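Below is one structure; the comments refer to it alone.
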Amino acid sequence: MDKVIDFKEWMNQNFDVFEKSLNGEKSNGFHKVRKEALVRFNKLSLPTLKDEDWRYTNISPLFKYNFNVVTEQKKASDELVKKLLFDEMEAHHLVFVNGQYSAENSKLFDLPKGVIVGNILDAMKNNSELIKKHFGKYAVDQDQVFTALSTAFTKDGAFIYAPDGKVIEKPIHIIFVTSANGDKILTQPRNLFVAGKNSKVTIIEHYASEANDIYFTNSITEIVADENAIVDHIKLQEESTEAFHISRMEIDQERSSNFSSHLISRGGKISRNEFNSRFNGEGSECTLNGLFILEDNQLFDAHTMIDHAKPHCNSHEHYKGILDDKSFGVFNGKVMVRENAQKTNAFQENNNILLSDQAIVNTKPQLEIFADDVKCSHGATIGQLNDEAMFYLKARGIGDEAAKAMLIHAFAIDVITSIKSEYVKDYVEDFLAKRFNQEN
Amino acid sequence: MLEVINLHANVEGNEILKGINLKVNAGEIHAIMGPNGSGKSTFAQVLAGKEEYEVTDGEVIYEGKNLLDLSAEDRAREGLFLAFQYPIEIPGVSNTNLLKTALNEIRKYRGEEELDTMEFLSLIKNKMKLVELEESFLKRSVNEGFSGGEKKRNEIFQMAVLNPKLAILDETDSGLDIDALKIVANGVNQLKTKNNATIVVTHYQRLLNYIIPDFVHVLHKGKIVKSGGKELAYELEEKGYEWLKNGSEVLAD
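Chains as they are written, first to last, in my numbering: chain A, 2 to 441; chain B, 297 to 549.
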């Protein structure tokens, strides 16, 4: 095996190769942004367990690989794409294979006038004003090494723009599939979703893999929900169990906007999800719900922050973890209520269920309140399947596996039912049924 | 149907059952009475297969099979039913879901076809009438937020749906007002046939005014110290359990 080159060193050595792969894009004005980000990437240090934000998440295994920064542009097989779509759901779908847009796999229905659903590479050419206005403005990378890495190697990602008053009826299902053929690749989807005033959009970000390969996905998603916009976001993370997934989502919420997020995570060797929402206007609402289902040696980390910067906003956060074998979970949820954010309503809860003696979860719900007229609550629980409930079900003739599956489903049900799309709900329920009740 | 021979069992290292002998035939109702701590509930739960309770000696033959070799779920599938003294609340699992899963697991075990939704619904709606439950009850989570009476009625409702050969009612009367008690007792009586049997575990004689036992057994310190007909229950009601403290001889014939 070749000697592994230092992670940052490797990225720098490969920047030339990456630039070449950009073809004409290099001469475009945006390239300056990449180069500046590379400088910041070099200045920032890689996280270790000594960093408070990474205290429980040992990311060092990631640095043991030299990932290829240039990936092959290809089309995914129709079967693979079909497998990842929800049965019968009418949705626009954007497919990215190894981080690059695959128009051949994608399918868009008619869209309202002015609405853009596509990839960011095209948007850089055709909608440079929007890119200039929003790109990197929410996911700032001054002190975030993985964001700087993403910006430096910006290649492609999804771009959605709903102008003021536009309603995109059908959900937009964005599939990021890695088809690496055993090649250790790095893909860095860079997504930007802008929902104008009074607009409405449903977006499903779906990360998957063709095979159980080792690769690294470093994704950044920036979302703007302008005044009175409704944005429903679902993230399905079901990558290879050997994959590394680091992602950051930044949400900018203007007055009276409604943003809801559901993270369903079950893949990855190490996956880290940062979700940060900021209220920039009064009367807004934010829901951050999550369900993570882990097994073997998987590590999952959810870091969330809801910034109540303005009064009269509501936030609701509920994360649930199901951990089996030697899996390891981290939940760090912060709710910040700033001094003038009176009449804030903030609810936060994290519940975990450990199915084995060796599974571990570290949970840290945090509330920081600087206003005095607010209603906030937070809590966390870690438990096991209730033995008495197990016996009760068995005493009714229900076998061990089925009883376990029923109780796990019961544990997860409130997060699942809060998902608005019936198709996604069914998809998650099907997965749970298959995962925990194999014999049926 | 059931033969219990010299059954000994420990709970957390303490011997609670110290040699129980009991024989139950099809068509019979047996009442097991005794003061608190006599081992009544332990006996009921050992028969149902609670794993935490360790059987240290003796055997239990049920329908020609060694009951103690069967898992709790297989005992239920073989037709044994325990109505819990304290029915467990299971948030997120609806009554319908519990019953449908249970019924189909039992049918599968017996090599029978699973019921389709229509058949299942017509069965449960029919059985609900027996214990006077409202239909809205089906969608609610198992026992969650139920009153004491609703929980006990739910146990009898489950029993009606699962149609066991041997039902063990563990203090099904405790905490019930007289109306609820009548509903529960009426349900049990209607389910009675010459092919099934019931063991009623109770502290009080009152339930036995409504469910008339063929035999009454007195359990004390983990042993059956006295057996008789239904008149034994009246005698107990009159004398209380105080006499047990002075040794079982007092009541001996």
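All residues carry an ideal CB built from backbone N, CA and C; glycine is no exception. In this text, all values refer to a predicted model and were calculated from it rather than measured experimentally.
- If you look at T352 of chain B, you'll find it isn't in any alpha helix (DSSP H); it sits in the beta strand (DSSP E) that goes 349-358.
- Nearest C-alpha to H93 of chain A among A:S78, A:E170, A:D52: A:E170.
- When only Cα atoms are considered, H513 of chain B and L343 of chain B end up about 16 Å apart.
- With a contact defined as Cβ atoms closer than 8 Å, L532 of chain B and M297 of chain B miss out at about 25 Å.
- For Y320 of chain A, no CB of chain B lies under 8 Å from its own CB, so it is not counted at the interface with that chain.
- Taking 8 Å as the threshold, the shortest C-beta distance from A344 of chain B to chain A falls below it.
- No residue range can be given for T72 of chain A, since it is assigned to no alpha helix (DSSP H) and is classified by DSSP as neither H nor E.
- Comparing C-alpha distances from L45 of chain A to each of A:Y208, A:E423, A:L150, A:T345 shows the shortest one belongs to A:L150.
- Listed in chain order, the alpha helix (DSSP H) runs fully inside the region 345-424 of chain A are 388-395, 401-418, counting runs of at least 4 residues.
- Taking every protein chain shown into account, the CB of V168 of chain A has fewer than 16 other CB atoms within 10 angstroms, so this residue is exposed.
- Chain-order list of chain B residues neighbouring Y102 of chain A: empty, with the shortest C-beta distance near 41 Å, by a criterion of under 9 Å.
- Counting only Cβ-Cβ distances below 7 Å, I247 of chain A has no contacts in chain B at all, with the closest Cβ about 32 Å away.
- A Cβ of chain B is located within less than 8 Å of the beta carbon of F412 of chain A.
- Within the region 500-514 of chain B, contact with chain A at the beta-carbon level (separation under 8 Å) is assigned to no residue.
- Within the DSSP bridge table, the entry for A463 of chain B names B:F377, B:T494 as partners.
- Secondary structure of D165 of chain A (DSSP, three-state): coil.
- For G183 of chain A, not one C-beta of chain B is nearer than 8 Å to its own C-beta.
- Within the region 464-496 of chain B, no residue has its Cβ closer than 8 Å to any Cβ of chain A.
- Taking the beta carbon of I176 of chain A as reference, no residue of chain B falls within 7 Å; the closest one sits roughly 31 Å away.
- Straight-line spacing of the CA atoms in N450 of chain B and I316 of chain B works out to 30 Å.
- A contact between stretches requires three or more CB pairs, one per stretch, nearer than 8 Å, and the region 364-373 of chain A fails this requirement with the region 365-375 of chain B.
- Per DSSP, V5 of chain A lies in no beta strand (DSSP E) segment and is marked neither H nor E.
- The straight-line gap separating the alpha-carbon atoms of L63 of chain A and Q299 of chain A is approximately 13 Å.
- Under the three-state reduction of DSSP, G330 of chain B is assigned to coil, being neither helix nor strand.
- CA-to-CA, the gap between E37 of chain A and M12 of chain A works out to about 14 Å.
- Closer than 8 Å to the CB of Q454 of chain B there is at least one CB belonging to chain A.
- Below 8 Å, enough C-beta pairs join the region 219-231 of chain A and the region 190-202 of chain A to call them touching: three or more.
- When rounded, the separation of the alpha-carbon atoms in H174 of chain A and S61 of chain A is 32 Å.
- No Cβ of chain A is located within less than 8 Å of the beta carbon of V427 of chain B.
- DSSP places Y405 of chain B within a helical segment (H, G or I) once states are collapsed to three.
- For E228 of chain A, the secondary structure class from DSSP, reduced to helix, strand or coil, is coil.
- G115 of chain A carries a coil assignment under DSSP once its states are collapsed to helix, strand and coil.
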